[in-house]
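Trainee:
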Amino acid sequence: ADGIQNLGFTTEAVRAEDLFYTGNNGVFGPSTSPDSRHYSGGNSHVTIRIRSVPALNMRISVAVAHARQGWPMALGGPAGTHAPVLTDVNGDRFLETFMASPDGRLYAWQHDGARLISNTEVVKTVSFTGDTLTGPAAVFAESAGSFFTAPVIADLEGDGTTDIITTDAEQLFVFTPIDADNDGRGDLKPGYPIRLIQPVTGGPIQTQTAVLNAPRLFRLGNGTFGIVVGTSTGGLFAFEPDGTVRFSINISRNIDDRMTVPPTTADLDGDGLDELIVVLASSGGGRIQVVNLSGLTLWTQSTGLLGRSSTPLVADIDGDQSFDVVVVGADGQVNAWTGTGELKRGWPVSLGSEIGGPPAAG
Numbered sequence: 023a024d025g026i027q028n029l030g031f032t033t034e035a036v037r038a039e040d041l042f043y044t045g046n047n048g049v050f051g052p053s054t055s056p057d058s059r060h061y062s063g064g065n066s067h068v069t070i071r072i073r074s075v076p077a078l079n080m081r082i083s084v085a086v087a088h089a090r091q092g093w094p095m096a097l098g099g100p101a102g103t104h105a106p107v108l109t110d111v112n113g114d115r116f117l118e119t120f121m122a123s124p125d126g127r128l129y130a131w132q133h134d135g136a137r138l139i140s141n142t143e144v145v146k147t148v149s150f151t152g153d154t155l156t157g158p159a160a161v162f163a164e165s166a167g168s169f170f171t172a173p174v175i176a177d178l179e180g181d182g183t184t185d186i187i188t189t190d191a192e193q194l195f196v197f198t199p200i201d202a203d204n205d206g207r208g209d210l211k212p213g214y215p216i217r218l219i220q221p222v223t224g225g226p227i228q229t230q231t232a233v234l235n236a237p238r239l240f241r242l243g244n245g246t247f248g249i250v251v252g253t254s255t256g257g258l259f260a261f262e263p264d265g266t267v268r269f270s271i272n273i274s275r276n277i278d279d280r281m282t283v284p285p286t287t288a289d290l291d292g293d294g295l296d297e298l299i300v301v302l303a304s305s306g307g308g309r310i311q312v313v314n315l316s317g318l319t320l321w322t323q324s325t326g327l328l329g330r331s332s333t334p335l336v337a338d339i340d341g342d343q344s345f346d347v348v349v350v351g352a353d354g355q356v357n358a359w360t361g362t363g364e365l366k367r368g369w370p371v372s373l374g375s376e377i378g379g380p381p382a383a384g
């Protein structure tokens, strides 16, 4: 072959589509034709160059140019589907990167790949050549359980100190990006962790009746944020910034009600305080329930079957200057209500197939 060209169809000889046409590209990159971009059009940062004369077999080089200096870094445990969270927590005007791992640790790196919290932890990885490599492990915090979800990061009390909020299966944690006691970990905020679920012991085997969902924040109207956490069995806990319990309720009605996604928070009525939008799934169908910050139910509506793609979307979908609530069922039915719980005209809409992800507006 003489170069790089699109494949998958045939044409006559001496045309550009001919695999042996001498004018074919010697470079395959983001700006060539064909290009190495993702199907979405995004830059893959991959460039392949032919390094030898035209022949049946040719030598090539492959460059991946997206990695910043100091990166990539090893987690020291499986990442799963956990997404990183980037924000400036130490005021240096650069973004730090936080990532939870099922090995029970929360990792945090500065923008250049250095640890956010100084410690001596190391991680060993095996390279493609079989060599064992040792590098720094940017452990920020750890739990005897596992951090299942990405942390939420905000200044809860408006005091200028950033807080890192996360949960394992049983406890709510709030950390600060400071290691005042020099133990090589981020310090816990006073009043945390808070245990919300107690393991149930049955003989020699411990069983878990419920697990916590990811935490979410709600606005208290005075520049501060509270924390809401749901449980898989329909429990709902709301906390003040200092960890004081605001309310603790259970909104399940049926024994098989499950809260498969975290609550969504939004100011539906424009009073400056957020409402909590919760969806519950059961074998007979689903339900959306809106709760205020006193734990009182404002409205509830039934839906079709719900699943992990049923995270509520809050947006003004018709331009009337009021928020609407959209929920997609596992069966492809899309529901839309006003912020006060009335079904929107023209809804629900059936997409006719199972949906694998939550809705988005733009």
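Going by my numbering, the first residue of the sequence shown is number 23, and it counts up by one from there.
Yeah, the Cβ is synthetic: ideal placement off N, Cα and C, and Gly gets one too.
In the DSSP output, what is F50 paired with across the bridge?
Mentor: For the purposes of this step, residue 50 is taken as residue 28 along the sequence shown, with counting starting at 1. F50 is bridged to I70.
Trainee: Could you tell me which uninterrupted beta strand (DSSP E) segments, each at least 3 residues in length, are contained entirely in the region 185 to 228, listed from first to last along the chain?
Mentor: 185 to 189, 193 to 197 and 222 to 224
Trainee: Do you know whose CA, among W321, G329, I175 and D114, lies nearest G354's CA?
Mentor: As a first step, residue 354 must be located in the sequence shown, where it is residue number 332. Checked all of W321, G329, I175 and D114; the closest Cα to G354 is G329.
Trainee: Rounded to whole angstroms, what's the CA-CA distance from V312 to G363? Just pull it up for me.
Mentor: Sequence index remark: in the sequence shown, residue 312 carries index 290 (1-based). Sequence index remark: in the sequence shown, residue 363 carries index 341 (1-based). It is roughly 9 Å from the alpha-carbon of V312 to the alpha-carbon of G363.
Trainee: Take I273 as the anchor and find which of A159, V251, W93 and T109 has the nearest alpha-carbon.
Mentor: For the purposes of this step, residue 273 is taken as the residue at position 251 of the sequence shown. Of A159, V251, W93 and T109, the residue nearest in Cα terms is V251.
Trainee: Looking only at its chain, what residues have a beta carbon closer than 7 Å to the beta carbon of S375, apart from the 5 residues adjacent to it on each side?
Mentor: Your numbering for residue 375 matches position 353 in the sequence shown. Within the same chain, S375 has close Cβ partners G354.
Trainee: State the Cα-Cα distance for the pair G341 and V347, rounded to the nearest angstrom.
Mentor: For this step, residue 341 is matched to residue 319 along the sequence shown. For this step, residue 347 is matched to residue 325 along the sequence shown. If I take the Cα positions, the gap works out to 13 Å.
Trainee: Is it true that the region 129 to 140 meets the region 175 to 184, where meeting means three or more beta-carbon pairs spaced less than 8 Å apart?
Mentor: no
Trainee: Out of L138, H104, A105 and M95, which has the shortest C-alpha to C-alpha gap to G113?
Mentor: Within the sequence shown, residue 113 is the residue found at index 91, counting from 1. Considering only alpha carbons, the answer is L138.
Trainee: Where does R275 fall in DSSP's three states?
Mentor: Within the sequence shown, the letter at position 253 stands for residue 275. Three-state result, R275: coil.
Trainee: Determine contact between the region 80 to 92 and the region 141 to 148, defined as no fewer than three beta-carbon pairs at a distance below 8 Å.
Mentor: Judged by pairs of C-beta atoms under 8 Å, the region 80 to 92 does not touch the region 141 to 148, as fewer than three such pairs exist.
Trainee: Let's see if you can read the secondary structure: which residues bound the beta strand (DSSP E) around L335?
Mentor: Position 313 of the sequence shown, counted from the start, is the residue given in the question as residue 335. L335 to A337 is the extent of the beta strand (DSSP E) around L335.
Trainee: Using only alpha-carbon positions, find the residue among G248, G368, F195 and D289 that is nearest to A122.
Mentor: Residue 122 sits at position 100 when you count from the first residue of the sequence shown. Ranking the options by Cα distance to A122, first place goes to F195.
Trainee: Identify whether S83 lies in helix, strand or coil by the three-state DSSP scheme.
Mentor: On the sequence shown, position 61 is the one that residue 83 refers to. Looking at S83 - three-state DSSP - the assignment turns out to be strand.
Trainee: Distance, Cα to Cα, G385 vs D338?
Mentor: What the structure shows of the chain is the stretch from 23 to 384, and residue 385 is not part of that stretch, so it cannot be assessed.
Trainee: Do F162 and D190 have their C-beta atoms closer together than 8 Å?
Mentor: Along the sequence shown, read from residue 1 onward, the residue named residue 162 stands at position 140. Along the sequence shown, read from residue 1 onward, the residue named residue 190 stands at position 168. Against a cut-off of 8 Å, the Cβ pair of D190 and F162 comes out as no contact.
Trainee: I believe T253 touches I219 by the beta-carbon criterion, under 8 Å. Please report the beta-carbon distance rounded to the nearest angstrom.
Mentor: Against the sequence shown, residue 253 aligns to sequence position 231. Against the sequence shown, residue 219 aligns to sequence position 197. Yes, T253 and I219 are in contact; Cβ-Cβ is about 7 Å, under 8 Å.
Trainee: Rounded to a whole number of angstroms, what is the C-alpha to C-alpha distance between A383 and L239?
Mentor: By 1-based counting over the sequence shown, the position of residue 383 is 361. By 1-based counting over the sequence shown, the position of residue 239 is 217. Rounded to the nearest angstrom, the two C-alpha atoms are 21 Å apart.
Trainee: Assuming L97 and Y129 make a contact with CB atoms under 8 Å, what is their CB distance in whole Å?
Mentor: Counting from 1 along the sequence shown, the entry for residue 97 is found at position 75. Counting from 1 along the sequence shown, the entry for residue 129 is found at position 107. Right, the Cβ-Cβ distance comes to about 6 Å (below 8 Å), so this counts as a contact.
Trainee: Tell me the rounded alpha-carbon separation between Q228 and S270.
Mentor: Taking the sequence shown and counting its residues from 1, one reaches residue 228 at position 206. Taking the sequence shown and counting its residues from 1, one reaches residue 270 at position 248. Residue confidence for Q228 is low, a pLDDT of 42 falling below 50, so the modelled location carries little weight; the figure read from the coordinates is stated next. Their Cα atoms are separated by approximately 24 Å.
Trainee: Select from P158, S62 and V107 the residue whose C-alpha is nearest the C-alpha of W93.
Mentor: Taking the first residue of the sequence shown as position 1, residue 93 is located at position 71. Checking every option, the nearest Cα to that of W93 belongs to P158.
Trainee: Rounded to the nearest angstrom, how far is the Cβ of L302 from that of P285, given a contact under 8 Å?
Mentor: Residue 302 sits at position 280 when you count from the first residue of the sequence shown. Residue 285 sits at position 263 when you count from the first residue of the sequence shown. At roughly 11 Å, the Cβ-Cβ gap does not stay under 8 Å, so L302 and P285 are not in contact.
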